[in-house]
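Chemist: I'd like to ask you about the structure that follows.
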Amino acid sequence: MYSMFQLLPYYILDVFGRVPGIPGIFLATIISAALSTVSSFSNSVATTMWVDWISKCRPMSESQATACTKFLVMVVSILSTAIALIAYKIPGQLLQVIISLGSACGGSTAGMYILGVFTRRCNWKGAVVGTWVGLAFVLWIAIGSFTMKPSFNLHQTPISGCTPLSYNTTDAYMNDSITAIPTLYTTPVDGYLDQGITSIFTVSTSKPKEQPTTRPLDRLYSISYVWFNPLGIGTCFVVGILVSLLTGKWWYWQKYRPLLYR
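Numbering follows numbering that gives the first Met the number 0, in which position 204 of the sequence shown is assigned residue number 203; successive positions increment by one, without gaps.
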């Protein structure tokens, strides 16, 4: 395997490869899910292009509009496939960058809609400020995670529970050099070895390197990019409510203040 995306198919073939039908069902499920997403995206983009651009520039009959929309779907699908193939050849964490940017924009926008739907006292100032603050906050974390590369102090790995070769050591944490005693194998292994084999292994391990110092913002930058979307929604919602209360009408507080002292 040369990619982490091959791990799941390999697991399915290794575990369920002898069960008739299971690998095929798994492959069909992945392909159908991918094609469903691509087809929905292509149809949506083609319909948007037709309604917003082409129909306003050149009126067509219903049959011509249908043919034009189908052609747009084909063009968008080909472009999407080509972009996916190009992105696959680009080294680096391209998928993480795309998801981070999409989550930064989509999370703050979704937070603005949620703010307007679930609150009655929000105003346009709170919506605008909350959206921009949510966008800036998520972009700050995303850029920091790529540029700062947060580091952590990793604990040493003990070997006290392992079954070792013959070695001489006084430290269970592999801080000293380890030398395996030469061993003479005279018993055939799986019928392939019928002669004595002498193997000498010398493993030299130095003391662990000094762990890097944890910076104050490492924990913030270590937030996974899959949480950027809800983080943007929450930031936009909270900031939008606070700004709306600060810039809104104070009669609202005068009306409901007696309820706080009951």
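Glycine included, each C-beta is placed from N, C-alpha and C at the ideal position.
When the Cα atoms are used, what is the spatial distance from residue 105 to residue 19?
Modeler: The sequence position of residue 105 within the sequence shown is 106, counting from 1. The sequence position of residue 19 within the sequence shown is 20, counting from 1. One C-alpha to the other measures close to 42 Å.
Chemist: How would you write the range of the alpha helix (DSSP H) that residue 217 sits in, first residue to last?
Modeler: The residue labelled residue 217 in the question sits at position 218 within the sequence shown. Segment 217 to 220, the alpha helix (DSSP H) holding residue 217.
Chemist: Could you check what DSSP says for residue 80 in three-state terms: helix, strand or coil?
Modeler: Position 81 of the sequence shown, counted from the start, is the residue given in the question as residue 80. Helix, per DSSP.
Chemist: Does the distance from the CB of residue 216 to the CB of residue 143 come in under 8 Å?
Modeler: Taking the sequence shown and counting its residues from 1, the one referred to as residue 216 is at position 217. Taking the sequence shown and counting its residues from 1, the one referred to as residue 143 is at position 144. Yes.
Chemist: Whole angstroms are fine: how far does the CA of residue 95 sit from the CA of residue 59?
Modeler: Mapped onto the sequence shown, residue 59 falls at position 60. Mapped onto the sequence shown, residue 95 falls at position 96. Distance between the alpha carbons of residue 59 and residue 95 is about 42 Å.
Chemist: Starting from residue 229, trace the alpha helix (DSSP H) both ways and give me its first and last residue.
Modeler: Taking the first residue of the sequence shown as position 1, residue 229 is located at position 230. Unbroken alpha helix (DSSP H) run through residue 229: 227 to 246.
Chemist: Indicate the three-state DSSP secondary structure (helix, strand or coil) for residue 9 in the structure shown.
Modeler: The residue you call residue 9 lines up with position 10 of the sequence shown. Helix at residue 9.
Chemist: Which residue comes first and which comes last in the alpha helix (DSSP H) that contains residue 22?
Modeler: What you label residue 22 is simply residue 23 of the sequence shown in a count that begins at 1. Its alpha helix (DSSP H) spans residues 21 to 48.
Chemist: If you compare alpha carbons, which of 72, 63, 61, 220 is closest to residue 40?
Modeler: To locate residue 40, count along the sequence shown from 1; it is residue 41. Looking at the Cα atoms, 72 is the closest of the given residues.
Chemist: If you draw a straight line from the C-alpha of residue 52 to the C-alpha of residue 247, how long is it?
Modeler: For this step, residue 52 is matched to residue 53 along the sequence shown. For this step, residue 247 is matched to residue 248 along the sequence shown. Those two C-alpha atoms are separated by around 39 Å.
Chemist: Less than 8 Å between the beta carbons of residue 97 and residue 220, yes or no?
Modeler: Your numbering for residue 97 matches position 98 in the sequence shown. Your numbering for residue 220 matches position 221 in the sequence shown. No, Cβ-Cβ distance for residue 97 and residue 220 is not below 8 Å.
Chemist: How long is the line joining the alpha carbons of residue 49 and residue 112, rounded to whole angstroms?
Modeler: Residue mapping note: residue 49 aligns to position 50 of the sequence shown, counting from 1. Residue mapping note: residue 112 aligns to position 113 of the sequence shown, counting from 1. Roughly 26 Å between the two C-alpha positions.
Chemist: Considering only the beta carbon of each residue, do residue 227 and residue 102 sit closer than 8 Å?
Modeler: Position 228 of the sequence shown holds residue 227. Position 103 of the sequence shown holds residue 102. Closer than 8 Å, so yes.
Chemist: When the Cα atoms are used, what is the spatial distance from residue 35 to residue 22?
Modeler: Taking the sequence shown and counting its residues from 1, the one referred to as residue 35 is at position 36. Taking the sequence shown and counting its residues from 1, the one referred to as residue 22 is at position 23. Answer to the nearest angstrom: the Cα atoms are 20 Å apart.
Chemist: Could you check which residue in 123, 80, 67, 224 has the C-alpha nearest to that of residue 136?
Modeler: If you number the sequence shown from 1, residue 136 lands on position 137. That would be 224, whose Cα lies nearest to the Cα of residue 136.
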